[in-house]
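First the structure, in the form of structure tokens, and then the observations on it.
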Amino acid sequence: MHYGQNLSSAMYVRADSAGEAFRFVPSVINDTVLTSEVFDTPNLKKYLERKLRAFFQPQMRMDGQVVGVEALARLWDDRLPGASKVAPVAYINRAGLLPFMTLALVEQVLDVSAGALMNCGQPLPVSINLQAEQLLDVSLLDAITRALEARGLVASGVTLEIVETGFHGDPDKLLRWLDSARAMGYRLSLDDFGTGESNFHRLVSYPVQEWKLAREIVNGVAACKIKAVLVRKLLEMGAELGLTTVVEGVDRMADLDWLCNAGYPDMVIQGYVVARPMPAGRLAGWLSGRMPAVTHD
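Going by my numbering, the first residue of the sequence shown is number 264, and it counts up by one from there.
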């Protein structure tokens, strides 16, 4: 199909000019979980201040157009230039520092988006992960909004991805937070659909404009009949509901080819076939010549 051919052509051209994004070679990014370094809370906060970095994974529509990036929290590793570790969110949350880490990450992410506005004339759309329990904090939304306004950015360029890991708070309060965020112009996304508590009940309850199909059900879709049936039905459902569907975990060319032939040109893909997560400095080079799409309405 035409849009599938466009995407494949766009990607192979990019492979010639920036092959590291599309060849399956060992990455300099070492995404290992921090497990051995344990600190008391004051030292952990100082550690985060020094080491926390926003990494970015581009998202691409089936026509080859970059539509934005997902921001990921990483801890910089000085022992190996360019390397990082996945920020241990559960541990940081237990230490009471998740709000601090989130806002520090937001500041870095919005700086990158504002830089794109200065250099390209339009901001780079960004997605930021929020744990569902954070949505009970009214001050968080105000803080993000102030950070946006300070940089001349608008809420429509920010997608808030709702991550659920054992949420046990007040569901009515959470829904009021989500309604407020959407009324202010933020885009809302249900992350990792198909795993854990990110399920059909949440899809019905939350006022989201986007859902992200989890890596676990997408990776290997070309070789698994059960995954193929499931993903095809979810793509059909997303189209009927008017949702933006982001397909995560597209790490193999065979899976990309399958998705290209699925018949959903508005689908957005994210995975190693597009690019690995990268720091802001590398993102600027990667985006050169790949103008981001206009911010979502």
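Each residue gets a CB set at the ideal place from its N, CA and C atoms; glycine is no exception. Nothing here was measured: the structure is a model prediction, and the numbers come from that model.
The beta strand (DSSP E) enclosing residue i, as first and last residue numbers
i, result
"residue 450", "450-456"
"residue 509", "507-510"
"residue 394", "389-394"
Endpoints, alpha helix (DSSP H) assigned at residue i
i, result
"residue 367", "361-383"
"residue 311", "304-314"
"residue 524", "Counting along the chain, residue 524 falls outside any alpha helix (DSSP H), and DSSP gives it neither H nor E."
"residue 550", "543-550"
"residue 352", "352-357"
Residue i versus residue j - alpha carbon distance
i, j, result
"residue 361", "residue 484", "34 Å"
"residue 438", "residue 469", "7 Å"
"residue 527", "residue 514", "19 Å"
"residue 480", "residue 489", "9 Å"
"residue 285", "residue 519", "The predicted position of residue 285 is uncertain, since its pLDDT is 24 and thus under 50; a value taken from the coordinates is nonetheless stated next. Cα to Cα, the separation comes out at about 12 Å."
"residue 495", "residue 307", "44 Å"
"residue 373", "residue 531", "22 Å"
"residue 294", "residue 348", "Confidence at residue 294 is low in this model, with a pLDDT of 38, below 50, so the placement of that residue is unreliable and no value is reported for it."
"residue 549", "residue 537", "11 Å"
"residue 402", "residue 447", "14 Å"
"residue 551", "residue 471", "31 Å"
"residue 478", "residue 512", "4 Å"
"residue 493", "residue 309", "45 Å"
"residue 396", "residue 432", "7 Å"
"residue 383", "residue 516", "30 Å"
"residue 449", "residue 507", "14 Å"
"residue 543", "residue 318", "6 Å"
"residue 474", "residue 321", "16 Å"
"residue 434", "residue 441", "11 Å"
"residue 466", "residue 436", "17 Å"
"residue 456", "residue 482", "14 Å"
"residue 545", "residue 499", "35 Å"
"residue 389", "residue 414", "14 Å"
"residue 381", "residue 330", "18 Å"
Counterpart residues of residue i in DSSP-defined beta bridges
i, result
"residue 336", "317"
"residue 322", "331"
"residue 531", "324 and 509"
Beta-carbon separation (whole angstroms), residue i vs residue j, contact threshold 8 Å
i, j, result
"residue 423", "residue 417", "So it is not a contact: roughly 14 Å between Cβ atoms."
"residue 387", "residue 375", "6 Å"
"residue 404", "residue 443", "7 Å"
"residue 421", "residue 391", "7 Å"
"residue 315", "residue 540", "The pair is not a contact, with the Cβ atoms about 14 Å apart (cut-off 8 Å)."
Entirely enclosed beta strand (DSSP E) segments - the segment 411-446, minimum 3 residues
Fully contained in the segment 411-446 are the following beta strand (DSSP E) runs of length 3 or more, in chain order: 421-426.
Beta strand (DSSP E) runs contained entirely in the segment 455-496, provided each spans 3 or more residues
If one requires a minimum length of 3 residues, the beta strand (DSSP E) runs lying completely within the segment 455-496 are 473-476, in chain order.
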